[in-house]
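*Asks:* My questions all concern the structure below.
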Amino acid sequence: MNKENERTYNITYHIRRYNPEKDSAPYWSQFTVKVKPGMTVLEGLHQIKETQDNSLSWRFSCRMGVCGSCGMMINGKLALACNTQILDISSTALTIGPIPNFDIIKDLVPDLTPLFNKHCAVQPYIKRDDLKDMDVPSGELYQTPEELDRYLQFTYCIKCGLCMGACPTMATDKDFLGPMPITQAYRYCTDTRDGGFHERKEVVGTSHGAFRCHYAAECSNVCPKGVDPARAIQFMKRDLVLDYLKLKKRKAPCKEIGSYSGKPVDGIPDPPPFTVDQG
Amino acid sequence: MNETSYWTWHIITGLLVLILLGMHMLIMHLDGILGWFSPAEGEAVSWDNVFSRSKHVGFTLTYVLLLGAALYHGLYGLRTILFELSPPVRLQKFINVTFWVGGVFLFIVGTYGSLAIFKQ
Amino acid sequence: MANQKKHSNHLGILGWIGGGSWGHERLLYFIHRITGIGILFYFILHIFVTTFGRFSKGDWELIMGGFESPIFKIGEFLVFAAFAFHAFNGIRLVLIELGFAVGKAEDPVYPYRTSINKQKPLMLLMMILAMVLILAGSYDFIRLAH
């Protein structure tokens, strides 16, 4: 057996605590956690709650980096607790706090209501030009792989809120939409099934919208899914400017195929190759 | 919509200022290496050189253009910084008005100065 | 939920310098702001100084004579350096914010190569050009200091 893998480290967790019923301001608590190689920050938090302090509160769900619940500030960097190996960060001490730029409800639980409200404000759903089409779909919508590539990267967002915590504008401007809503606005504006650019630009082209981004690019730096919100925001700005200068190319709407009959359609190309080894 | 137009002009004036202020800096601070537009003896900023440049209408026009573009670009930038500090709406309106009025005032002062040379 | 007591946790202006991550681009954004404010401040004073001196040779030399002290010369050099940085970083920002230097949307495969990686060569080039301009400008300042 490999001796190195059996070694146990004693790591100090400094955790930002706050109980709204008892405290007037947040404070720091210290715990010692026995860590084996391979343990994640999230597992350390569970150990504390199970053996030392059962009042410790935080959000988690899938514990595998797809739900976006466990975002927190770990040793000065924003990350998902389930995705972060303790020994990759430090072998002596971890300092854990909630995501900044959101109010704290309790301990490591941020109030993400502004995130969801701003997301709603950009109307994050397909808006067809033909309004009847949205209530009673008339047929299938067919997209080429090139049309899909225009927005696919931005669909991987898990709404974890890390980008909002890292953004310098979010630090001072409470009305700023934030990287995630603007990225989602662009994701829908550039989708060839969508016709809602002119309504969304009233929300995104405002004095607290896309133009308050100055490419500090910290959002893309911390995003755990590689969504690259900074890129999407710059594309959104480009589209807003081109539209203002009346130079915006009308994007070709996607093809519609007949009326929905439940039967498979001819001529659909094969799916793209796997990116992960199947063997 | 308004913000889009303000920002687009911020970019356009930025490029204008880049070229015009770049020229100004090259004339003034790279005189020993380049020696552009400073025919008289002495520094680029001596009266003789300033006077000889200002006699050309072309120079005066570029200075006035630079003045306007730089004022717009700079004041919009400062407005952005102030707006990001979440001022209340009343203060936002006050900043907008002050910057427009102040900018026009400074433009008039500067244009008057650059035209004054022709009185001699 | 609406009546729940919450504690504010915004980073404020310190969040402009750093918070949650520590990339080069954030530093450049912060320096771009500082140089912008510095140049604007100098510019407004510059308008008044040059206007009041324009009316005759006597006026000009009187006003210019007030700026002989080395503090003003160093300050002027700092404004020049601030301009050099602000100009070249500004070119980089125009290219990025109009969507040219950030690359196309692509499927993310770990380890992620984002727009940050795509604009790194441009960032390096602009910083080198800014240094070259500052060095070229320092020649005149040193020459005239004697």
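Protein chains in written order, with my numbering: chain B, 1 to 279; chain W, 1001 to 1120; chain F, 2001 to 2146.
Quick reminder that beta carbons are idealized off the backbone N, C-alpha and C, glycines included.
(1) Rounded to whole angstroms, what's the CA-CA distance from B/I99 to B/I105? Just pull it up for me.
(2) Check whether the Cβ of F/I2039 sits closer than 8 Å to any heavy atom of the ligand GTP, and report yes or no.
(3) Report the CB separation of F/E2106 from B/Q153 in whole angstroms; it is logged as a contact under 8 Å.
(4) Between which two residues does the alpha helix (DSSP H) holding F/M2117 run?
(5) How long is the line joining the alpha carbons of B/D129 and B/D173, rounded to whole angstroms?
(6) What in chain B is Cβ-close to F/K2006, meaning under 8 Å?
(7) Exposed or buried, what is B/D88 when buried is set at 16 or more other beta-carbons lying within 10 Å of its beta-carbon?
(8) Going residue by residue through the segment 47 to 89 of chain B, where are the continuous beta strand (DSSP E) segments of at least 3 residues, counting only ones entirely within it?
(9) At a Cβ threshold of 9 Å, is W/W1007 touching chain B?
(10) Just to make sure I have the definition right: I need the residues of chain B whose C-beta is within less than 8 Å of the C-beta of F/P2108. Which are they?
(11) Using a Cβ-Cβ cut-off of less than 9 Å, give me the residues of the segment 1037 to 1057 of chain W that come near chain B, in sequence order.
(12) In terms of residue numbering, what span does the beta strand (DSSP E) encompassing W/F1121 cover?
(13) Between B/G44 and the rest of its own chain, which residues show a CB-CB distance below 8 Å, the 5 nearest in sequence each way excluded?
(14) I need the boundaries of the alpha helix (DSSP H) containing B/F31, first residue and last residue.
(15) So that I know if they touch, is there some Cβ in chain W lying closer than 9 Å to that of B/Y244?
(16) Just reading off the alpha helix (DSSP H) that B/Y9 is part of, what are its end residues?
(17) Would you give the residue range spanned by the alpha helix (DSSP H) that B/A121 belongs to?
(18) Roughly how far, in whole angstroms, is the beta-carbon of F/W2060 from the beta-carbon of F/G2053, given that I think they are within contact range, below 8 Å?
(19) Have a look at B/G68, B/M39 and B/F31 and flag the residue whose alpha-carbon is nearest the alpha-carbon of B/T280.
(20) Going by alpha carbons, who is nearest to F/Y2112 out of B/P271, B/L245, B/P229 and B/T8?
(21) Assuming B/F177 and B/G209 are in contact, meaning their beta carbons sit under 8 Å apart, how far apart are those beta carbons, in whole angstroms?
(22) Kindly list the residues whose CB is nearer than 6 Å to the CB of B/E140, restricted to its own chain and excluding five residues on each side of it in sequence; keep chain order.
(23) Nearest by alpha-carbon distance to B/G76: which of B/C62, B/G97, B/S61 and B/M64 is it?
(24) Excluding the five sequence neighbours on either side, which residues of its own chain have a C-beta within less than 7 Å of the C-beta of F/I2037, listed in chain order?
(25) For B/P168, does the count of other Cβ atoms within 10 angstroms reach 16, so buried, or fall short, so exposed?
(26) Locate the beta strand (DSSP E) running through B/K255, then write down its first and last residues.
(27) Taking W/T1060 and W/L1115 to be in contact with their CB atoms under 8 Å, please state how far apart those CB atoms are, rounded to whole angstroms.
(28) Round the Cβ separation of B/K159 and B/G226 to the nearest angstrom and send it over; I've been treating them as touching at under 8 Å.
(29) Any Cβ of chain W within less than 9 Å of the Cβ of B/T190?
(30) So, with DSSP's three-state summary, where would you put W/I1033?
(31) Starting from the Cα of F/P2121, find the closest Cα among F/G2137, F/I2142 and F/R2092 and give me that residue.
(32) For a contact meaning CB atoms closer than 7 Å, what does W/L1085 contact in chain C?
(33) Compute the beta-carbon to beta-carbon distance between B/D107 and B/W58, rounded to the nearest angstrom, for a pair I have assumed lies under 8 Å.
(34) Label F/I2034 either buried or exposed according to how many other C-beta atoms from any shown protein chain fall within 10 Å of its C-beta, with 16 as the threshold for buried.
(35) Closest Cβ-Cβ distance between B/C222 and chain F: below 9 Å?
(36) Give the straight-line distance between the Cα atoms of B/L162 and B/V222, rounded to the nearest whole angstrom.
*Replies:* Result, derived from the coordinates:
(1) 11 Å
(2) By its list of ligands, the structure shown contains no ligand whatsoever, and the ligand GTP lies outside what it can speak to.
(3) 6 Å
(4) Per the sequence shown, the amino acid found at residue 2117 of chain F is Asn instead of Met. Start and end: S2115 to A2145.
(5) 34 Å
(6) P20, D103, I104, I105 and D111
(7) exposed
(8) 71 to 74 and 77 to 80
(9) yes
(10) Q153, Y156, K225, G226, V227 and D228
(11) none
(12) Given that chain W is displayed from residue 1001 to residue 1120, the structure contains no residue 1121 of chain W and the question cannot be resolved.
(13) I11, Y13, V33, V35, I86 and L94
(14) Looking at the DSSP string, B/F31 is not in any alpha helix (DSSP H); the run it does join, the beta strand (DSSP E), is Y27 to V35.
(15) yes
(16) Note, B/Y9: premise wrong, no alpha helix (DSSP H); beta strand (DSSP E) at Y9 to R17.
(17) T113 to A121
(18) 4 Å
(19) Outside the shown range of chain B (1 to 279) lies residue 280 of chain B, about which nothing can therefore be said.
(20) B/P229
(21) According to the sequence shown, residue 177 of chain B is Leu rather than Phe. Correct: roughly 6 Å between the Cβ atoms.
(22) I257
(23) B/G97
(24) none
(25) buried
(26) K255 to I257
(27) 7 Å
(28) 15 Å between Cβ atoms; not a contact.
(29) no
(30) coil
(31) F/R2092
(32) As a matter of chain content, chain C is missing from the structure shown, whose protein chains are B, W and F.
(33) 6 Å
(34) exposed
(35) Reading the sequence as shown, one finds Val at residue 222 of chain B and not Cys. True, the Cβ-Cβ gap to chain F drops below 9 Å.
(36) 7 Å
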